[in-house]
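If you're matching positions, the sequence shown starts at 0 in numbering that gives the first Met the number 0 and goes up one per residue. We put the CB at the ideal spot given by N, CA and C, even for glycine. Take a look at the structure below.
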Amino acid sequence: MKNIQFPSASYDEWKEQAVKALKGKPFESLFTKTIEGVTLEPLYTEEMLADKLGDYLEKQISTIRSLKDSDGFKVAQQVYGENASQFFTLLQESIERGNDCITIDSRVPFHWDEDNLSRLANCLKENSFKIYIENENDPILGVFDKINEPSVKGFIVSSEPTDLDTFNNVRTIAINTVPYHHEGATAIEELAISLALASKYAEQAGGFEHVISKAFVNFAIDTQFFSEIAKLRAFKVLWKAFSKAFNVDRLAAVPILAETSLRSYTKADPYVNLLRAGNEAFAGLIGGADYFTVHPHDCLTKPTGKSIRIARNVSLVLKEESYVENVLDASGGSYFIETLTAEYVEKAWELFLDIEKAGGIDAYSQSGKLQTKLDNLFQSRLKAVETRKHSLIGTNIYANPADDVLAETNPQFAQIKRLAITFEQLRVNYKKTEPKIAILTYGKLKDFKPRADFVEGFLATVGVVPEKSGEITSLDAAKEWLERADYGYVIIAAKDEDAKLLVPSLLEHKPENLLVDVAGKFKDEREIWLSNGLNGFIFAGQNIVEKLTEVHESLKGVQQ
């Protein structure tokens with residue numbers, strides 16, 4: 000086998016074979032345009048990478064590998080607790096079970112009184128930490144009055160830098176892009192904003208040297224696996240370019256903190272969040288994050304001891320069983336990842352310069368440009384989910400109608416804009432009204448099954464399990480079933496030729512208050528069917544939320 004050699008194929012040769020396999024579809028159908036405006040190729044080659052980066056490739060790789068702040072992937076498990084006693088018990092347990100960095104959101108359901116601050120101080124003296132605070136007057140900051148060792152190491156995450164200069168190893172300048180991420184930012188905006196925030200803090204501090212010693216960046220990692228890897232790698236390249244602009248002689252790595260994104264987390268079918276978390280944590284590990292926080296799969300409602308342990312173990316399994324931590328820049332040299340990294344660097348730097356020309360991040364925000372951009376991006380993502388162009392497993396596709404959407408909400412994450420919220424609200428509405436819904440399945444099973452299954456999945460997104468008529472093979476039987484139907488809403492599922500014969504006749508005999516839709520588009524018949532009493536259509540690519548909201552409003556009107 001050692002003597003066997005396979006002939007190498009050029010991109011053009013591969014393209015020729017791909018075109019044949021497409022059987023008439025355009026070659027361009029293999030290209031994917033991302034929300035960042037980057038076009039993903041179906042194949043990346045060494046030649047393409049050389050054309051894109053040339054001699055710069057080695058510099059990009061060496062920069063990424065040299066700007067690693069820590070010697071590994073640190074587990075930053077957030078500690079929860081319903082009271083102080085439980086909180087400190089779980090804190091100690093997390094340390095004993097692999098937590099490298101105590102992570103605390105100061106908005107706990109108990110007071111940071113003198114006793115609790117003293118207990119916390121004892122923990123922080125022995126362990127590194129990451130603390131989220133609301134402002135510089137946050138009561139939890141009183142813990143530093145009780146710490147005499149200036150060598151403690153940690154991070155303070157806040158909207159503005161915090162004054163803790165006597166603690167040299169506590170980084171208090173948070174370049175926190177997570178809020179922008181949850182507002183809708185793509186990797187490009189997050190990267191550009193990270194530099195704009197650093198520029199702002201350097202100006203406030205009167206120099207970049209203070210920023211280098213006290214800053215860290217905090218990213219949310221979403222489900223786009225390769226994009227998130229490229230995002231973290233691109234930040235290091237951008238940080239080097241940014242530092243050079245301040246004439247920094249000795250380039251120092253800035254710690255990269257990351258956490259699982261809650262933008263794609265869901266209340267319904269929350270165990271899918273486990274899979275999202277694993278995917279995101281793995282991207283963070285490969286991308287070079289120094290500290291990583293996995294949010295429990297049920298963190299949107301109320302984390303349990305079990306879910307917290309599972310969240311911690313997600314990072315521990317990746318850290319100790321994948322061996323990726325033992326590889327420096329595991330994705331380095333990948334034609335795809337290196338190209339994507341370079342494209343993110345180019346686009347993010349361009350946006351950063353635009354922000355600076357506008358007067359900096361504050362002026363850019365106050366102008367309304369940033370919020371408009373983020374709102375448009377979020378709406379674009381939301382539309383993709385609502386039309387199933389982007390899958391949100393367990394929510395807009397493969398939904399389990401038996402799942403309940405818990406009314407309870409964790410106040411820490413209540414304000415986060417999530418893609419599943421519109422589905423969750425609609426599911427709650429349908430559960431309150433409990434409308435009677437059925438599918439009229441016409442013809443043999445093989446004829447109606449594809450459309451009936453589609454309609455079932457469509458309705459499952461709002462927790463509805465429709466009844467089905469079973470095989471109805473004659474027009475008279477269909478009329479009789481419809482006239483006897485004790486439902487508020489019926490969807491007709493049949494193959495095209497059957498539906499074209501069936502629908503006009505059924506519309507003549509349907510009960511007055513019965514809402515009737517048909518599965519399929521039927522563009523030619525649309526207007527005349529609607530004018531004769533058809534409510535509408537259900538079809539692939541339709542906005543599920545808009546359609547089922549309209550249906551729910553109509554059903555409420557009938558019931559009232």
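* Asked: What does a CB cutoff of less than 6 angstroms around T177 pick up in its chain, not counting 5 residues either side in sequence?
  -> Checking the sequence shown, residue 177 turns out to be Val, not Thr. Excluding positions up to five away in sequence, the list reads N217, A219.
* Per DSSP, which residues does C100 bridge with? Please list them. => S127
* Asked: Using the C-alpha atoms, what's the distance from T340 back to T62?
  -> 12 angstroms
* **Span of the alpha helix (DSSP H), counted from its first residue to its last, around E258** => First-last for E258: 255–259, but that is the beta strand (DSSP E), not the alpha helix (DSSP H).
* To do: Give a yes or no on whether 8 angstroms exceeds the smallest Cβ distance from A233 to chain B.
  => Any reference to chain B falls outside this structure, which holds one protein chain only.
* To do: Decide if D164 is buried, meaning its Cβ has at least 16 other Cβ atoms within 10 Å, or exposed.
  => exposed
* beta strand (DSSP E) containing Y290: first to last residue? -> 290–292
* Which residues mark the beginning and the end of the alpha helix (DSSP H) in which Y397 is found? -> Here Y397 belongs to no alpha helix (DSSP H), and DSSP marks it neither H nor E.
* Proximity of L501 and A477 at Cβ, strictly below 8 angstroms -> yes
* How many Å lie between A75 and G462 at the Cα? -> 36 angstroms
* To do: Classify Q4 as helix, strand or coil using the three-state DSSP reduction.
  => coil
* To do: Could you check if S9 is buried or exposed, using at least 16 other CB atoms within 10 Å of its CB as the buried criterion?
  => exposed
* Does the distance from the CB of F291 to the CB of G304 come in under 8 angstroms? -> no
* **Pick from V253, S69, Q77 that is closest to N325, judged by C-alpha positions** => S69
* Asked: Near K435, what residues of its chain come up, given a Cβ to Cβ distance below 7 angstroms and the 5 sequence neighbours on each side ignored?
  -> D485, Y486, G487
* May I ask which residues mark the beginning and end of the beta strand (DSSP E) holding D361? => Per DSSP, D361 belongs to no beta strand (DSSP E); it is in the alpha helix (DSSP H), 360–365.
* To do: Following the continuous beta strand (DSSP E) through A437, name the residue where it begins and the one where it ends.
  => 436–440
* To do: Mind checking which residues open and close the beta strand (DSSP E) that includes G80?
  => Looking at the DSSP string, G80 is not in any beta strand (DSSP E), and its letter there is neither H nor E.
* Are the Cβ atoms of I309 and A288 separated by less than 8 angstroms? -> no
* To do: Name, in chain order, the residues that DSSP records as bridge partners for G535.
  => D516
* **Distance between G286 and I228 (C-alpha atoms, nearest Å)** => 4 angstroms
* What residues match up with A173 in a beta bridge as DSSP calls it? -> F215
* For the segment 359–370 and the segment 195–202, state whether three or more C-beta atom pairs, one from each stretch, are separated by less than 8 angstroms. => yes
* Could you give the residue range of the beta strand (DSSP E) that holds G153? -> 153–156
* **Distance between Y131 and H110 (C-alpha atoms, nearest Å)** => 15 angstroms
* Give me the Cβ distance between T440 and S473, rounded to the nearest whole Å; I'm assuming they're in contact under 8 angstroms. => Not really, about 13 angstroms apart at Cβ, beyond 8 angstroms.
* **Local Cβ density within 10 Å of I3, reported as buried at 16 or more and exposed below that** => exposed
* Asked: With distances taken from CA atoms, which of A251, P6, N98, V142 is nearest K67?
  -> A251
* Per DSSP, cross-strand counterpart(s) of A492 -> T440
* Where do the N-terminal and C-terminal ends of the alpha helix (DSSP H) with D353 fall, by residue? -> 334–356
* Asked: Nearest-angstrom Cα distance between A437 and N409?
  -> 36 angstroms
* **Cβ shell of S105 (< 8 angstroms), same chain only, five flanking positions each side left out** => W111, I130, Y131, I132, E133, D137, P138, I139
* Among D144, S193, V142, the one whose alpha carbon lies nearest that of S158 -> S193
* Have a look at F602 and V107 and give me their C-alpha separation to the nearest angstrom. => Here the chain comprises residues numbered 0 to 559, so residue 602 is not present and cannot be evaluated.
* To do: Quick one: grab the DSSP three-state call for I34.
  => coil
* Note down the Cα distance separating P269 from E496, rounded to an integer number of angstroms. => 41 angstroms
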